[in-house]
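Single-structure report; data block below.
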Amino acid sequence: MDADRRSLSSRAWPVFTVSVPVAFLGVFFLFPLASIVERGLFSGSATSAWDVLADPLTRDVLWFTIWQAAASTVLTIAVALPTAYVLGRYEFRGRRAVRALVVVPFVLPTVVVALAFLAILPGGLQRSWIAILIAHAFFNVAVVVRVVGTYWAALDARVSEAAATLGASPWQRAREVTVPLLAPALSAAAAIVFLFSFTSFGVVLILGGPPYATLEVEIYNQAVRAFDLHAAAVLSLVQLACVALVVTVTMRLERSLVVQGQLRPERDVLRRARTIGDKILIAGSLGGLTVFLGLPLTAVVERSLATGEGHGLAAYR
């Protein structure tokens, strides 16, 4: 009898552990998704899904969403790569603090940061696509620094040193050795940044304004302002398809991050800055990143202290 109970219990436990997450996904993911599909494709609206997709406005919004996400990704990588290199190749005092502090912008509310950018950007850049790209880079620098920097810190530096011994120039070493080795991490980080920029809402809504609507903003406009839930549902399906494609690519790239025979413990790769050039490189990259991230953060702090009569702690009471 005891053996039968134990056998029944051993069979019931796997069923229970599987049924709970399945039920959770069904209630909180599949049901809302099915509702969107039903409303977008089978709502009986006078406007068909094809009419929404064929609308020139939809094409313009989709095109702007794609190219601003791609441009934001390129800008983010350009801003973050020097710091990723410094954190991935040098050991210096405060390195762990830098790795932690660079994540701060990533967790800040988008609305607060967008308003901070409105406060510090010149009038000509406010409500522009340039402001959107800069804000996206501000938020997503942490992704590139952490993903690429961590991977860089595990790459065997002796491969590049061997190329230098054979007469390769710094540019040749970067092009023929470093970039191919970093490609998995760069691709994964770029895919994540692209996804975050593609689905951005608060930044685009506040910094872009009506002329610069992404799919996320247009869904909001159709659902809340125009109260066209059918068009909003169709656009939601378009965004879901795009996100699913990017997520699939990201997952495949993440599986290729580990390159056998080329990764070493971080302690064996990091080195102290010994030359003036090394110290200038570290100071320059960290100084530039501090200015880029520090100005909006300073604006956030200043606004939190601003009162009608100057500055104070009234907002914290």
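Each residue of the sequence shown is one higher than the last, beginning at 366 in my numbering.
Even glycine gets a Cβ: it sits at the ideal position worked out from N, Cα and C.
1) Should arginine 454 be labelled buried (16 or more other beta-carbon atoms within 10 Å of its own) or exposed?
2) Should leucine 486 and alanine 479 be called a contact, given that it needs their Cβ atoms to be closer than 7 Å?
3) Can you tell me the Cβ-Cβ gap for proline 470 and valine 506, rounded? I've got them flagged as a contact below 8 Å.
4) In whole angstroms, what separates the C-alpha of glycine 626 from that of arginine 424?
5) Quick one, which of Gly567, Thr543, Ala414 and Arg461 has its alpha-carbon nearest arginine 511's?
6) For threonine 663, is the classification buried or exposed, using 16 other Cβ atoms within 10 angstroms of its Cβ as the cut-off for buried?
7) Note the first and the last residue of the continuous alpha helix (DSSP H) segment covering glutamine 491.
8) Among Trp415, Pro386 and Ala553, which one has its Cα closest to the Cα of valine 603?
9) In three-state terms, what does DSSP make of leucine 440?
10) Identify the residues that DSSP records as bridge partners of histidine 595: which are they?
11) Do leucine 600 and leucine 580 have their C-beta atoms within less than 7 Å of each other?
12) Out of Gly574, Trp494, Ile645 and Ala539, state which residue places its alpha-carbon closest to the alpha-carbon of alanine 702.
13) Valine 569 and threonine 441 look like a contact to me (Cβ under 8 Å); what is the Cβ gap, rounded to whole Å?
14) For leucine 531, count the other beta carbons within 10 Å of its own beta carbon; 16 or more makes it buried, fewer makes it exposed. Which is it?
15) Decide if leucine 446 is buried, meaning its Cβ has at least 16 other Cβ atoms within 10 Å, or exposed.
16) Could you pull out every residue in the same chain whose Cβ sits closer than 7 Å to the Cβ of alanine 638, ignoring the five residues on either side in sequence?
17) Would you identify the three-state DSSP class for threonine 530, choosing helix, strand or coil?
18) What does the Cβ neighbour count give for valine 666, buried or exposed, with the cut at 16 atoms within 10 Å?
19) Relative to the C-alpha of valine 542, which residue among Ala528, Ala553, Leu551 and Pro397 is closest?
Once the coordinates are examined:
1) As a working note, residue 454 is residue 89 in the sequence shown. Burial call: buried.
2) One-based indexing of the sequence shown puts residue 486 at position 121. One-based indexing of the sequence shown puts residue 479 at position 114. Contact: no.
3) Residue mapping note: residue 470 aligns to position 105 of the sequence shown, counting from 1. Residue mapping note: residue 506 aligns to position 141 of the sequence shown, counting from 1. A Cβ-Cβ separation of about 7 Å places proline 470 in contact with valine 506 under the 8 Å criterion.
4) In the sequence shown, residue 626 corresponds to position 261, counting from 1. In the sequence shown, residue 424 corresponds to position 59, counting from 1. The pLDDT assigned to glycine 626 is 48, lower than 50, so where the model puts this residue is not dependable; a value taken from the coordinates is nonetheless given after this. C-alpha separation (whole angstroms): 46 Å.
5) Here residue 511 refers to the residue found at position 146 of the sequence shown. Looking at the Cα atoms, Arg461 is the closest of the given residues.
6) Translated into the one-based positions of the sequence shown, residue 663 becomes position 298. So threonine 663 counts as exposed.
7) Stepping through the sequence shown from its first residue, residue 491 is reached at position 126. First-last for glutamine 491: undefined, no H or E at that position.
8) Stepping through the sequence shown from its first residue, residue 603 is reached at position 238. In this structure, Trp415 is the residue among Trp415, Pro386 and Ala553 with its C-alpha nearest to the C-alpha of valine 603.
9) Within the sequence shown, the letter at position 75 stands for residue 440. Correct three-state label for leucine 440: helix.
10) Your numbering for residue 595 matches position 230 in the sequence shown. BP columns for histidine 595 are empty, so no partner.
11) For the purposes of this step, residue 600 is taken as residue 235 along the sequence shown, with counting starting at 1. For the purposes of this step, residue 580 is taken as residue 215 along the sequence shown, with counting starting at 1. Their beta carbons are under 7 Å apart, which means leucine 600 touches leucine 580 by this criterion.
12) Nothing about residue 702 can be read from this structure; the chain reaches only from 366 to 682.
13) Residue numbering aside, residue 569 sits at position 204 when the sequence shown is read from its first letter. Residue numbering aside, residue 441 sits at position 76 when the sequence shown is read from its first letter. In this structure valine 569 is not in contact with threonine 441, their Cβ atoms being roughly 15 Å apart against a cut-off of 8 Å.
14) If you number the sequence shown from 1, residue 531 lands on position 166. The C-beta of leucine 531 has fewer than 16 other C-beta atoms within 10 Å across all chains shown, which makes the residue exposed.
15) Position 81 of the sequence shown, counted from the start, is the residue given in the question as residue 446. Note on leucine 446: 16 or more other CB atoms within 10 angstroms of its CB, so buried under the neighbour-count rule.
16) The count along the sequence shown starts at 1 and reaches residue 638 at position 273. Only Tyr455, Phe457, Lys644 and Ile647 meet the Cβ criterion.
17) Along the sequence shown, read from residue 1 onward, the residue named residue 530 stands at position 165. DSSP places threonine 530 in helix when its eight states are reduced to three.
18) Translated into the one-based positions of the sequence shown, residue 666 becomes position 301. Flag for valine 666 reads exposed.
19) Here residue 542 refers to the residue found at position 177 when the sequence shown is read from its first residue. Of the residues Ala528, Ala553, Leu551 and Pro397, the one whose Cα lies closest to the Cα of valine 542 is Ala528.
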